[in-house]
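Worksheet: the structure to be examined is printed underneath.
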Amino acid sequence: MERIKGISDMLLLRLSDYVMRSFQQDSASRIYFFLQGLAERHLKPPPLPPVGIKAYQLRVSPPPPPYLPLPPRLSTLSPDHI
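Sequence positions in the sequence shown follow our numbering and run 84 to 165.
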């Protein structure tokens, strides 16, 4: 059991060493591109507010209803409605 644990520890150490070396070789460019991607996704400026006629229409028009009214159920319809 100790031998298996020693082999797994050795493999884990080699794997972590490999990962660290491959990351250090390219770490500056990886970090740069990672930060650039974050900036492009999360730091976009907010959209400009509408100007002119569009802003007037948004101010004057009533807000849309939150949902569409449901059609009446067939059981509640009288023969006059059909």
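Even for Gly, the Cβ is constructed at its ideal location relative to N, Cα and C. Quantities reported herein were computed from a predicted structural model and do not represent experimental measurements.
Check                                                                    : Outcome
Within-7 Å CB hit, Gly-135 to chain C                                    : As a matter of chain content, chain C is missing from the structure shown, which is built from one protein chain.
Coarse secondary structure for Leu-98, derived from DSSP in three states : helix
Spatial distance of Phe-116 from Gln-140 (CA atoms)                      : 42 Å
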